[in-house]
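These protein sequences, in sequence, are chains A and B. Taking my numbering, the leading residue of the first sequence gets 41, the next gets one more, and so forth. Taking my numbering, the leading residue of the second sequence gets 5, the next gets one more, and so forth. Accompanying notes for the structure given below.
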Amino acid sequence: MSRRLTTGVLCVAVWALAGTVTAIPSWAAGTRAGTNITNTARVDFKDVNGNNLFQLSNTVTTTVSQVGGVIVDPNNGPVSLDPGDVFYFPHVVTNAGNFDDYINLTAVSAGGWPVAIYRDVNGDGVYQPALDIPLLDSAGDADAIPDSGFLSDSGVGSSMRILVAVTVPAGTADGAADVTTVTGTSVFDPTKTDTATDTINVTSPNVAVVKSVGPVGPQPPGTILTYTIVVTNNGSAAANTVVLTDPIPANTTYQAGTITYNAAARTDGGDADNADYNVSNPGQITVAIGALAASGGTATVTFRVQIN
Amino acid sequence: MNSTARVAVLAMSVGLQAAALANTPTVEVAVSAHKEIVTTDSAGKKAVKLVPATQAAAGDTIVYTLRAKNAGTGTAVDPRIEDPIPAGTVLVVDSVKKDGYRVEASLDNGSTWQAFPASVTRTTAAGQTETVPAPAESYTTLRWVLDGPMAPGDGKDVSFKVRIR
């Protein structure tokens, strides 16, 4: 992120609004390479009779040489993503040098997650598979590193937009974080670089099941046992389509009509309510819990059996 | 007028010119442009070296040295060296060497002059007028005024720096 421009951190909400991507700033890239800077002095004086005289000096000329310059903006995120998600981070790459240049672009995830760079052809900051193409190495420098293509040193043609696609690997733990660093390097002067970061926080559901029985301890045959199953989502993302299945223990007999869901009675049949016995799964209790909210969403299921 | 008279007039004219030439001041000024190169030796000691600024990058500083000398035969009165800030550069205000001259600055390409360093007036948000130092970018021309004579053979050097935009 350059010190010369602070666009601030864009929030996710901004990306969601079409047409609100940061405007490409115009840069004073400095006097263009090849420009001649000339200086001629003049001296005025009088002779003793008061006549005005003057002389011009020689002219010195300094030719402006090329300097490279790169700006990659902005730093994005953090955004909250689920394992398996792909997010397209928009960036603007600018030639801040004083002559035409190419800017090599690389993007690396600190955690080694899959990263790809696309040219944002219509510049809307949103990935369109039919339009936005993977960034390639252009023939202009042919160094096998994907680059911006030809960028002039001023005006609209000095900037281009890219999308950095970061994939959160499936199975990534809830709460994991990653920073992808996007680096632009001047092909003219590889010592001139700039970076921007894309930060991801992983949110995933983390569902725990706790089962208890009452009464506890050794029981004689004929005892009615009540099983209580508490399903809790301790993750930082909602869990969807949660289904609980529980086989009836050996040497017990399910007591018909004893399923409760969050303290409300449920029928055993495969009907409109979300619980059944021996319908969805032979010999098992099945409860379609559905969604469990992040950070503590919970559901409680009970049923009874009799020891044979 | 007859031809003899014409010749006499011509001879007198030539004589007058010769007398004037004998006492003509000719103040010449030579400009050179250098870059400051900072070198660090093996002991870590830094030294600033000046090299001719035939090439310079945007953002570089150029040192202009103006060497004025009366190469004529007569005394020059009130010599005044004037130099525009070159297009594409910005004056480094604190680099201007006065060197015994009275330095003046123009912010309008020489139409009006004020003592260096220049100031500008502006209106504050409260509607009051205040005088502040002129921004470096606003300088267009500098001149060094020697209030007095410069004898034949005498000279003065002045210098200033600019930064390439």
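Note that CB positions come from ideal geometry on N, CA and C, so glycine has one too.
Between the stretch 105-118 of chain A and the stretch 219-239 of chain A there are three or more C-beta pairs closer than 8 Å, enough to call the two in contact. The continuous stretches of beta strand (DSSP E) do not include Glu141 of chain B, and DSSP gives it neither H nor E. Per DSSP, the beta bridge partners of Lys53 of chain B are B:Ile41. For Asn135 of chain A, no chain B residue has a Cβ inside 9 Å of its Cβ, as the nearest lies near 13 Å away. Between Val283 of chain A and Ala328 of chain A, the CB-CB gap stays under 8 Å.
For Thr285 of chain A, the number of other beta carbons within 10 angstroms of its own is below 16, and it is reported as exposed. For Arg82 of chain A, the enclosing beta strand (DSSP E) stretches over residues 76-86. At a Cβ-Cβ threshold of 8 Å, Ile77 of chain A and Gly92 of chain B count as neighbours.
Two segments are said to touch when three or more pairs of C-beta atoms, one from each, lie closer than 8 Å; by this definition the stretch 75-88 of chain B touches the stretch 73-91 of chain A.
A Cβ of chain A is located within less than 8 Å of the beta carbon of Ile168 of chain B. Proximity of chain A to Thr58 of chain B at the Cβ level (cut-off 7 Å) is accounted for by Thr102, Thr103, in chain order. With fewer than 16 other Cβ atoms inside 10 Å of its own Cβ, Phe94 of chain A counts as exposed. Asp229 of chain A sits in coil when the DSSP states are folded into three classes, being neither helix nor strand. DSSP places Ser198 of chain A in the helix class (H, G or I) of the three-state scheme.
Boundaries of the beta strand (DSSP E) around Pro83 of chain B: 80-88. Under the Cβ criterion of 8 Å, Thr93 of chain B is counted among the residues facing chain A.
In this structure, Pro245 of chain A and Arg201 of chain A do not form a Cβ contact; the two beta carbons are roughly 34 Å apart against a cut-off of 8 Å.
When the Cα atoms are used, Thr342 of chain A and Ala277 of chain A turn out to be separated by approximately 26 Å. Around the Cβ of Lys49 of chain B, a 10 Å sphere holds fewer than 16 other Cβ atoms; the residue is exposed. Taken in chain order, the unbroken stretches of beta strand (DSSP E) that lie wholly in the stretch 229-276 of chain A and span 3 residues or more are 233-242, 247-254, 264-273. In the structure shown, Asp98 of chain B falls within a helical segment according to DSSP collapsed to helix, strand and coil.
A straight-line Cα-Cα distance of about 54 Å links Ser149 of chain A and Lys101 of chain B. If you look at Asp316 of chain A, you'll find it in the beta strand (DSSP E) that goes 315-317. Taking CB atoms only, Arg82 of chain A has a neighbour in chain B less than 8 Å away.
Ile185 of chain A does not reach chain B, its nearest Cβ partner there being about 25 Å away, counting only Cβ pairs nearer than 8 Å. In this chain, Ser335 of chain A is not harboured by any beta strand (DSSP E), its DSSP state being neither H nor E. Using a Cβ distance threshold of 8 Å, Val166 of chain B and Ile66 of chain B count as a contacting pair.
Taking C-beta atoms as the reference points, Thr71 of chain A and Ala62 of chain B count as a pair closer than 8 Å. In summary, the residues of the stretch 54-88 of chain B whose CB is separated from some CB of chain A by less than 7 Å are Ala57, Thr58, Gln59, Ala60, Ala61, Ala62, Gly63, Ile66, Tyr68, Leu70, Ala72, Gly78, Thr79, Ala80, Val81, Asp82, Pro83, Arg84, Ile85, Glu86, Asp87, in the order they occur in the chain. The continuous beta strand (DSSP E) containing Pro287 of chain A extends over residues 279-287. When Cβ-Cβ separations below 8 Å define contact, Val35 of chain B makes contact with chain A. Here Ser46 of chain B carries a coil assignment [DSSP, helix/strand/coil].
Pairing Asp87 of chain B with Asn79 of chain A gives a Cβ-Cβ distance under 8 Å. Taking the beta carbon of Pro121 of chain B as reference, no residue of chain A falls within 7 Å; the closest one sits roughly 20 Å away. Counting along the chain, Pro130 of chain A sits inside the beta strand (DSSP E) bounded by residues 126-135.
Rounded to the nearest whole angstrom, the CA to CA distance from Thr28 of chain B to Thr77 of chain B is 5 Å.
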